[in-house]
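As structure tokens, the structure follows; a few thoughts come after it.
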Amino acid sequence: MKLIFKIFLSFVLVLAIVSNAFAQPKKMTYRNRIDDSVKLVNTQEVAPRVKGPKPLTREHAIGARINTDGWGLYFNYGLIRKNEGRKTEIDRFYNVLYFQVEVGERYHPKEFRDFAVTGAQPYRNYFLSIFSTDMFKFGKVNNFYTGKLGVGYRYLIAGKPEANTISIHWNTNTGLALALLKPYYFKATAGNDIKLDPNDENLINTLSNTQFTGGYGYRKGWDELKVTPGGYLRTGLKFDYANRKKRVAGFELGLGAEVYFTGIHQMALQESKSFFVNAFVSFELGWKK
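Under this note's numbering, think of the first position of the sequence shown as -16, with each following residue one higher.
Quick look at the structure:
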């Protein structure tokens, strides 16, 4: 009897333990919702990013200058300085820092080129005689050539509202000037070539008693070249009418001044000068990159 009671009691105890275990709340488990979620995709097409044109930073130009007392040929190398503005217009609104090299010639107001008058003469062509020694400049002492090396700045006054319009810049240029003086040689009836010395006391007699028949112009005297240093300054307004942003096309109107360390003789019986002032117009063509 006792054995049966013990077995029954053990069975009840085991049953109570099992019941208590199943009666505890179950531990909650969570599903991984990341894989089950719906991913939102932007179906709107995004336009590809397109790079704009490379900005222009350099300028190259060649030009010709006509002065009231001569001429000049020059080359510019410029660094473009952008102004504030929209990117679509920035290549039409800019300043330029540039370096310039120029060569030219200066004339005296009283020099005049003509044929010798020695009785009856055959027909003479003024244009073709430029390449001969038939014409000369009576009383000329020196050919006055110039060489210049300078730096300048063009400041924008009015930019181009549209590509086919005109921009206006205030242009200032200064630097070193060199006067290259070459003696002017004449042909004379005596058969020898002569040049005039401005310091000769008998210069008036030489001009009066010598029969000049021609002049060598630029052909003779380079081995006697003399150099006089000095400086120059120019200012003016430049008008740029180029119809494309990579082109340079324009003209400039302005004033210039030059000063040299020693006086320069150009004509006989005239005082030497070391200071020169002129007006000019220049035309130039070039490109930007």
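Heads up, the beta-carbon is just placed ideally off N, CA and C, and yes, glycines get one too.
Which same chain residues, not among the five before or five after residue i, have their C-beta less than 6 Å away from its C-beta?
| i | result |
| --- | --- |
| A44 | N59, V231, E267 and G269 |
| R96 | M118 and K120 |
| G130 | V86 and L161 |
| R48 | G55, F263 and S265 |
| I149 | F222 and Y224 |
| G61 | E42, V79 and Y81 |
Could you spell out the range, first to last residue, of the alpha helix (DSSP H) harbouring residue i?
| i | result |
| --- | --- |
| N192 | L186 to N192 |
Out of the options, point me to the one whose CA is closest to residue i's CA.
| i | options | result |
| --- | --- | --- |
| G142 | A225, G55, Y57 and V260 | A225 |
| D57 | T157, V86 and I149 | It is worth fixing the name first, because residue 57 is Tyr in this sequence and not Asp. That would be V86, whose Cα lies nearest to the Cα of Y57. |
| L159 | F98, P38, E145 and Y215 | Y215 |
| D52 | L62, G61 and R89 | R89 |
| G46 | K123, G233 and F76 | G233 |
| E145 | L39, R227, L252 and M250 | R227 |
| R202 | P181, D176 and N185 | D176 |
| E309 | G122, L132 and L252 | Here the chain covers residues -16 to 272 and nothing more, so residue 309 does not appear. |
| L179 | L39, M250 and E94 | M250 |
| K123 | D206, L186, G61 and L132 | L186 |
| N50 | L39, P92 and T40 | P92 |
| R217 | K229, W205, G204 and L132 | L132 |
Can you list, in chain order, the residues of its chain whose CB lies under 8 Å from that of residue i, leaving out five sequence neighbours each side?
| i | result |
| --- | --- |
| L208 | L163, L164 and K165 |
| I247 | N125, F127, A162, L164, T211, S255, K256 and S257 |
| V134 | L80, Y81, F82, Q83, N156, T157 and G158 |
| F244 | T211, P212, G213 and S257 |
Can you round the beta-carbon distance between residue i and residue j to whole angstroms, since I take them to be within the 8 Å contact cut?
| i | j | result |
| --- | --- | --- |
| T264 | E235 | In the sequence as displayed, the identity of residue 264 is Val instead of Thr. Yes, they are in contact, since the Cβ atoms of V264 and E235 sit about 7 Å apart, within 8 Å. |
| G219 | N154 | 5 Å |
| T116 | Y199 | 6 Å |
| K221 | E42 | The Cβ separation is near 12 Å, so there is no contact. |
Which stretch, first to last residue, makes up the beta strand (DSSP E) that contains residue i?
| i | result |
| --- | --- |
| V210 | K209 to D223 |
| D176 | D176 to K178 |
| K165 | S150 to P166 |
| F195 | F195 to G198 |
| E145 | Per DSSP, E145 belongs to no beta strand (DSSP E) and is neither H nor E. |
| G46 | R41 to N50 |
| Y60 | G53 to K65 |
| S257 | K256 to K271 |
Skipping 5 residues on each side, what residues in its chain have a beta carbon closer than 7 Å to that of residue i?
| i | result |
| --- | --- |
| Y77 | I63, R64, K65, N66 and L139 |
Segment contact, 8 Å Cβ cut-off, at least three pairs: the region 180 to 194 with the region 226 to 245: no
How do the region 170 to 180 and the region 136 to 154 stand: do at least 3 beta-carbon pairs fall below 8 Å, yes or no? no
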